[in-house]
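One structure is given below, encoded as C-alpha cells.
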Amino acid sequence: MPRQNPKNRFFAREVELEVPAPPADLVLIDDHSRSIVAENDSPDVGFRFSVNPYRGCLHGCAYCYARPSHEYLGLGTGSDFERKILVKREAPTLLRAALEKRSWQGELVVLSGNTDPYQPLEAECRLTRGCLEVLADYRNPTHVITKGTLVERDIDVLRELAAHARIGVSVSIPFWDARIARAIEPLTPTPARRFETIRRLAAADIPVTVNVAPVIPGLGDRDIPKILQAAADAGARRAAFIVLRLPGSVKQVFEQRLREQLPLRADKILARTREVRGGRLNDPRFGSRMSGSGHYADAIAELFQKAAARVGLATGASVEPEPSTTFRRPTDRGGQLRLFD
Numbered sequence: 013m014p015r016q017n018p019k020n021r022f023f024a025r026e027v028e029l030e031v032p033a034p035p036a037d038l039v040l041i042d043d044h045s046r047s048i049v050a051e052n053d054s055p056d057v058g059f060r061f062s063v064n065p066y067r068g069c070l071h072g073c074a075y076c077y078a079r080p081s082h083e084y085l086g087l088g089t090g091s092d093f094e095r096k097i098l099v100k101r102e103a104p105t106l107l108r109a110a111l112e113k114r115s116w117q118g119e120l121v122v123l124s125g126n127t128d129p130y131q132p133l134e135a136e137c138r139l140t141r142g143c144l145e146v147l148a149d150y151r152n153p154t155h156v157i158t159k160g161t162l163v164e165r166d167i168d169v170l171r172e173l174a175a176h177a178r179i180g181v182s183v184s185i186p187f188w189d190a191r192i193a194r195a196i197e198p199l200t201p202t203p204a205r206r207f208e209t210i211r212r213l214a215a216a217d218i219p220v221t222v223n224v225a226p227v228i229p230g231l232g233d234r235d236i237p238k239i240l241q242a243a244a245d246a247g248a249r250r251a252a253f254i255v256l257r258l259p260g261s262v263k264q265v266f267e268q269r270l271r272e273q274l275p276l277r278a279d280k281i282l283a284r285t286r287e288v289r290g291g292r293l294n295d296p297r298f299g300s301r302m303s304g305s306g307h308y309a310d311a312i313a314e315l316f317q318k319a320a321a322r323v324g325l326a327t328g329a330s331v332e333p334e335p336s337t338t339f340r341r342p343t344d345r346g347g348q349l350r351l352f353d
C-alpha cells in the first residue's frame with residue numbers, strides 16, 4: 013500500500029511527489045494522553061462517555077467517520093489513518109483513575125466511540141481487555157461496538173460484567189457480500205464470520221445488537237433484510253442502522269476507493285448518497301446526519317423497520333444510556349478492600 017492522503021485541512025501547503033509514493037509501513041506510536049474517558053455532547057449519538065484505546069484503525073474502512081481525527085495530529089486521513097496507529101498503553105490505568113473520582117457516578121461507558129476496540133492490534137496489546145476488566149471491577153455499565161471477532165476472546169470478562177451490570181455488544185455488519193466487504197473494509201472479518209461472533213456472544217447470554225452501519229445507498233441497502241434475518245437466526249436481540257455519512261476528507265477517501273474497487277457502480281452509489289444528503293455527499297445537521305433525508309432515505313428506514321419486525325428484532329438506538337444501579341468502587345479511599353457492597 014503506497015502512502016496516500018487527502019490534503020490536511022490544517023496545513024496551508026500541500027506537497028505533490030514527482031515519484032511514486034513510498035509504501036505506507038505500519039507504525040505504532042505511543043500515545044501518552046493523561047485521560048482516557050472522552051465526553052460527547054452530540055444529541056444524536058446516544059451515549060455520553062466513551063473510551064478509545066487506539067487512534068487510527070487497521071481495518072481500513074473507506075467510509076470511517078473517524079478519519080478526520082488524524083488531522084489534529086498532523087497526519088492524513090488516508091493511509092496514515094490505517095497505518096500510523098496511536099496506542100494508549102496506559103488506558104486501563106487511566107480508566108481506573110477516572111472511575112475512582114468522586115465525580116464519576118457509574119454512567120454508561122462505550123468502547124469505542126471512535127475507532128474499533130478490537131482491531132487486529134488488540135490481539136497483542138490487550139488494552140480493550142484491560143479496560144473491560146477495570147469496568148468489571150467497578151460493575152460499570154458498558155457497551156462495546158465492533159466489527160472485530162476478537163471480542164470472542166473476552167467473553168469471560170463480558171459474562172462477569174453481565175452478572176453485575178448492564179452490558180451489550182453491537183456487531184457492525186454493513187454488507188452481505190464478502191467481496192463487497194473486502195473492497196470497502198479490507199481488513200475486517202468476513203460478514204459470515206461476524207454472524208458467527210453474534211452466535212457465540214448470544215450463546216454466552218451477552219445481549220447483542222446487529223448494527224447495519226453504515227448503510228451505503230445503492231450498495232448495501234438491498235441487503236438489509238438478509239443481514240437482519242441472519243443476525244436474528246444467530247441470536248441477536250436488537251437491530252440498528254446508520255446511513256453513510258462522509259465528513260471532511262472522508263468523502264475523497266471513499267470516492268477514490270469506490271472508483272478503484274467498484275468502478276462500474278461508483279457513479280450510482282455517489283448519486284444515491286447525494287440523494288439522501290440533500291444534493292451533497294455529507295449533511296452534518298443533527299437530526300438527519302445519521303438517517304439521511306428525502307424519499308430514498310425514508311425507503312431505507314421503512315425497509316429496515318419492516319425487516320426487523322418480520323424477524324423479531326427490537327429497533328432503536330443500539331446504545332441506550334440508563335441510570336446506573338450497579339456501579340460500586342472496589343476499594344475505599346484508603347485503598348482497603350470493601351467487605352460489603
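All residue numbers for the sequence shown refer to this note's numbering, where the first residue is 13 and numbers rise by one.
Glycine included, each C-beta is placed from N, C-alpha and C at the ideal position.
- Bounds of any alpha helix (DSSP H) do not take in Phe253; it lies within the beta strand (DSSP E) bounded by Arg250 to Val255.
- Of the residues Ser261, Leu276 and Gly324, the one whose Cα lies closest to the Cα of Arg250 is Gly324.
- Within the segment 148 to 176, complete alpha helix (DSSP H) segments of at least 4 residues are found at 167 to 176, given in chain order.
- Tyr75 is not a Cβ neighbour of Ile192, given a cutoff of 9 Å.
- Put simply, of Tyr66, Ala321 and Leu147 the residue whose alpha carbon is nearest the alpha carbon of Ser45 is Tyr66.
- Annotation for Lys96: the continuous beta strand (DSSP E) segment containing it runs Lys96 to Val99.
- Partner residues in the beta bridge of Leu123, as assigned by DSSP, are Val156.
- Following the DSSP letters along the chain, one finds Ile41 inside the beta strand (DSSP E) bounded by residues Val39 to Asp42.
- Per DSSP, Thr338 lies in no alpha helix (DSSP H) segment and is marked neither H nor E.
- In the three-state DSSP reduction, Ile218 falls in the coil class, being neither helix nor strand.
- Within the same chain, Ala319 come within 6 Å of Pro237 by CB-CB distance, once the 5 residues on both sides are set aside.
- The DSSP-derived three-state label of Ala74 is coil.
- Annotation for Val265: no beta strand (DSSP E) segment contains it, though the alpha helix (DSSP H) segment containing it runs Val262 to Gln273.
- Per DSSP, the unbroken beta strand (DSSP E) holding Phe61 starts and ends at Phe61 to Val63.
- The Cβ neighbour count for Glu314, taken over all protein chains shown within 10 Å, is under 16; the residue is labelled exposed.
- Taking every protein chain shown into account, the CB of Lys113 has fewer than 16 other CB atoms within 10 angstroms, so this residue is exposed.
- As the crow flies, the alpha-carbon of Asp168 is around 11 Å from that of Ala175.
- Counting of Cβ neighbours within 10 angstroms places Asp42 among the exposed residues, the total staying below 16.
- When Cβ pairs closer than 8 Å are counted between the two stretches, the segment 182 to 192 is seen not to touch the segment 80 to 88, the count staying below three.
- Counting along the chain, Glu197 sits inside no beta strand (DSSP E), nor does DSSP assign it H or E at all.
- With fewer than 16 other CB atoms across the displayed protein chains lying within 10 angstroms of its CB, His307 is exposed.
- A straight-line Cα-Cα distance of about 6 Å links Thr327 and Ala252.
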